[in-house]
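Engineer:
2 protein chains.
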Amino acid sequence: MPARTPRKRRSSLEARAAILDAAEKRLVDAGPGGIRLQDVAADVGVSHPTVLHHFGSREGLINALVERALQDTQAQVMAAVQAAPARTDTIAAILDAVFAQMKQSGRARAFLWLALSGFAGGVSGLNLYPLAEFVHAMRVERRKGRKKPPVFDDTYFSVLLPALSLLTLAALEQKGRLDPRFDGAKFRVWLAELIHSHLERD
Amino acid sequence: MPARTPRKRRSSLEARAAILDAAEKRLVDAGPGGIRLQDVAADVGVSHPTVLHHFGSREGLINALVERALQDTQAQVMAAVQAAPARTDTIAAILDAVFAQMKQSGRARAFLWLALSGFAGGVSGLNLYPLAEFVHAMRVERRKGRKKPPVFDDTYFSVLLPALSLLTLAALEQKGRLDPRFDGAKFRVWLAELIHSHLERD
DNA sequence: ATAGTTATCTACAACATTGTCAACAACAGG
DNA sequence: CCTGTTGTTGACAATGTTGTAGATAACTAT
């Protein structure tokens with residue numbers, strides 16, 4: 000006779016959170032195609048119909064996953080930017096910190112993957128314009144009384160460039176897909192210096 | 000009675016090439032998970048066992064695909080670099096041209112996808128060191144008699160930065176996943192200018 | 001022509017995955 | 001203690017995908 004396991008009953012919110020955690024781990028490790036209901040369910044310790052009960056369908060699960068990850072990250076970026084002292088030479092440090100965390104959490108990989116897969120919320124969901132506007136305001140302030148006011152596009156590109164490259168770097172470094180000779184930390188320092196000196200120049 | 004279609008028989012090489020073309024298109028459009036034997040076979044106009052006959056297995060097909068794409072791209076980059084006049088201000092133009100073609104061919108997407116998926120040949124297969132060494136030699140030559148000789152890491156990073164960002168940009172621009180306000184061409188010009196002025200400075 | 005090679009096909013097997021359904025059980029409120 | 005709600009489950013259906021096997025037919029070489 001099968002030893003019946005005592006059935007555990009979580010609250011709907013707890014169950015959803017646990018399932019989303021497991022699904023996101025699968026997403027980070029193996030991409031959207033790696034999110035299989037049976038596997039996710041097994042990770043959480045439930046049967047796969049339970050997952051379907053909470054999210055309706057596989058697509059519903061992925062949508063919920065994307066939404067949560069996007070909101071989390073957006074909040075983190077906002078917090079990092081607002082908490083930072085308004086000095087130009089900290090911009091690179093902010094970006095570095097934010098994307099270091101995106102690397103650790105695996106969300107750099109997740110977002111790149113989702114963007115490639117065509118999910119609506121992918122990288123385009125990460126709107127850089129608010130950040131660029133914030134940085135631009137600092138630049139304008141800092142340049143008061145000087146000759147030329149900075150152009151917004153220049154500031155935006157100065158934010159976009161490290162965002163793009165560090166996102167990809169974070170996504171690929173994590174899996175060790177980069178040349179072993181490559182020193183990521185050194186590159187980030189170099190990039191920070193490049194952006195910094197560019198923003199400071201007239 | 001079924002109207003029997005006249006069976007076409009290609010040479011092994013032609014068949015393999017046609018199948019690889021179809022598979023690569025699927026890879027670019029939908030990622031590795033989008034490579035389904037039946038679909039690929041249907042695209043070529045054969046039955047799926049024919050694909051298995053030529054590549055042994057699905058994995059064999061993907062391996063062959065990656066190898067071909069990698070060699071093709073490597074050759075293209077080499078050709079572009081060697082054909083260019085050895086002036087520093089053309090470096091950005093070279094990179095721009097190479098990655099514009101990677102965008103058009105969809106290989107930016109393919110490589111990013113493969114790198115994320117963990118395929119051995121992914122982005123790490125695209126070795127940037129030869130290119131960096133070539134550029135560095137030009138820099139050294141150009142600086143003869145000046146004060147400080149350029150550091151190789153600085154040159155390497157100057158190649159890596161546009162490579163990384165343009166690769167991702169090419170991968171995402173193609174699918175229209177970027178903010179509609181974003182002007183890719185303008186960004187590339189800006190980036191070229193940034194790299195150029197950095198390489199020229201002492 | 002004739003025979004050998006092999007690219008190609010149809011049919012089938014094996015397996016994985018998503019989704020449905022009815023029943024069970026844990027917990028809350030009466 | 002009883003009852004309703006609902007989180008949870010096992011069994012099953014439907015479908016899709018990879019891979020196998022034997023037969024067929026197109027091309028090549030003699």
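Just so you know, the sequences run in chain order A and B. Sequential numbering of the first sequence, starting at 0, is according to numbering that gives the first Met the number 0. Sequential numbering of the second sequence, starting at 0, is according to numbering that gives the first Met the number 0. Idealized CB from N, CA, C, for every residue including glycine.
Using 8 Å as the Cβ pair cut-off and three pairs as the minimum, do the stretch 68 to 76 of chain A and the stretch 89 to 108 of chain A touch?
Structural biologist: Enough Cβ pairs lie closer than 8 Å, so yes.
Engineer: According to DSSP, is Pro1 of chain A part of a helix, a strand, or is it coil?
Structural biologist: Residue placement at Pro1 of chain A is flagged as unreliable, the pLDDT there being 45, under the threshold of 50; a coordinate-derived value is accordingly withheld.
Engineer: Just the chain A side, please: which residues come within less than 9 Å of Asp20 of chain B by C-beta, in chain order?
Structural biologist: Within 9 Å Cβ-Cβ: nothing; Asp20 of chain B doesn't reach chain A, min ~20 Å.
Engineer: So which of A:Ser196, A:Phe186, A:Ala170 has the shortest CA-CA distance to Ser157 of chain A?
Structural biologist: Per the Cα distances, A:Ser196.
Engineer: Quick check: is any heavy atom of the ligand GTP less than 8 Å from the C-beta of Ser196 of chain B?
Structural biologist: Absence of the ligand GTP from the depicted structure is noted, as is the absence of any ligand whatsoever, leaving it without description.
Engineer: What do you reckon, are the CB atoms on Leu69 of chain A and Leu19 of chain A nearer than 9 Å?
Structural biologist: No; because the gap between Cβ atoms is not below 9 Å, this pair is not in contact.
Engineer: Quick check: is the beta carbon of Met0 of chain B nearer than 9 Å to any beta carbon in chain A?
Structural biologist: Note that Met0 of chain B scores a pLDDT of 44, beneath 50, so its modelled location is shaky; the value from the coordinates is reported in the next line. It does not; no Cβ of chain A falls within 9 Å.
Engineer: Can you name, in chain order, every residue of its own chain whose Cβ lies under 7 Å from the Cβ of Leu64 of chain B, other than the five neighbours on each side?
Structural biologist: So the list reads Leu19, Ala22, Glu23, Leu26, once near-sequence residues are dropped.
Engineer: Can you tell me whether Gln70 of chain B is helix, strand or coil according to DSSP?
Structural biologist: Helix, per DSSP.
Engineer: State the Cα-Cα distance for the pair Gly117 of chain A and Leu12 of chain B, rounded to the nearest angstrom.
Structural biologist: Cα to Cα, the separation comes out at about 33 Å.
Engineer: Report the three-state DSSP secondary structure of Gly33 of chain A (helix, strand or coil).
Structural biologist: In this structure, Gly33 of chain A counts as helix in the three-state DSSP scheme.
Engineer: Work out the CA separation of Glu199 of chain B and Lys143 of chain A for me, nearest whole Å.
Structural biologist: Taking the straight line from one Cα to the other gives about 29 Å.
Engineer: Could you give the C-beta distance for Pro161 of chain B and Ile194 of chain B, rounded to a whole number, given that I count them as a contact under 8 Å?
Structural biologist: Rounded, the Cβ-Cβ distance is 6 Å, consistent with contact.
Engineer: Leaving out five residues on either side along the sequence, give the residues of the same chain with a beta carbon under 6 Å from the beta carbon of Met0 of chain A.
Structural biologist: Interpretation of Met0 of chain A is limited by its pLDDT of 44, a score under 50 that renders its predicted location unreliable; the figure taken from the coordinates is listed afterwards. Counting only Cβ-Cβ distances below 6 Å, and skipping sequence neighbours, we find nothing.
Engineer: Can you grab the Cα-Cα spacing for the pair Gln103 of chain B / Arg6 of chain A, in whole Å?
Structural biologist: So the two alpha carbons sit approximately 54 Å from each other.
Engineer: Drop a sphere of 10 angstroms on the beta-carbon of Ala2 of chain A, count the other beta-carbons inside from all chains shown, and report buried for 16 or more, exposed for fewer.
Structural biologist: Model confidence at Ala2 of chain A stands at a pLDDT of 49, short of 50, so the residue's coordinates are unreliable and nothing is read from them.
Engineer: With Asp152 of chain A as the anchor, note down where its alpha helix (DSSP H) starts and where it stops.
Structural biologist: First-last of the alpha helix (DSSP H) with Asp152 of chain A: 151 to 172.
Engineer: So the candidates are B:Asp153, B:Gly175, B:Lys174, B:Leu127; which of them puts its Cα closest to the Cα of Val188 of chain A?
Structural biologist: Nearest C-alpha to Val188 of chain A: B:Asp153.
Engineer: By the 10 Å Cβ neighbour count, where 16 or more other Cβ atoms means buried, how is Arg8 of chain A classified, buried or exposed?
Structural biologist: Per the 10 Å Cβ criterion, exposed.
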